[in-house]
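Trainee: The following block contains the structure, expressed as structure tokens.
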């Protein structure tokens, strides 16, 4: 097993996951890296001292594609209206669950 290069902890290293997990994360194995993903994010974190490292460019061969949705005001929306609005937004961001191809076009 690897140990932290800063504090030598063999229990503190966690694999960093990025994005929006759709459920609870096993905190004994993973650390949350945030929802924004860049070209050179750390892949490991020590939860005991805060060290982050083992960087790798996971997107070096991929074209960068950004999908934008315009947000509406949620002020005054009921809970059921908010649920419907969230489902509508999620559908736009995920191409109704089908995803996107590497060039940014909707998968069919």
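Numbering (full-length UniProt numbering), first residue to last: 1 to 108.
For each residue, glycine too, the CB sits at the ideal point set by N, CA and C.
Who pairs with residue 13 in a beta bridge, going by DSSP?
Mentor: 46
Trainee: Let's test the definition: count the other Cβ atoms within 10 Å of the Cβ of residue 12 and tell me whether it reaches 16, buried, or not, exposed.
Mentor: Buried, because 16 or more other Cβ atoms sit within 10 Å of the Cβ of residue 12.
Trainee: Any idea which residues DSSP pairs residue 5 with across the strands?
Mentor: The partner list for residue 5 (beta bridge, DSSP) is empty, contrary to what the question assumes.
Trainee: To the nearest angstrom, how far is the alpha carbon of residue 25 from that of residue 43?
Mentor: 16 Å
Trainee: Quick one, which of 71, 67, 90, 83 has its alpha-carbon nearest residue 102's?
Mentor: 67
Trainee: Would you give the residue range spanned by the beta strand (DSSP E) that residue 30 belongs to?
Mentor: Unbroken beta strand (DSSP E) run through residue 30: 30 to 32.
Trainee: For residue 31, which residues in the same chain have their Cβ closer than 8 Å to its Cβ, ignoring the five residues on either side in sequence?
Mentor: 14, 15, 16, 17, 45, 47
Trainee: Report the residue from 84, 99, 10, 87 whose alpha carbon sits nearest the alpha carbon of residue 28.
Mentor: 10
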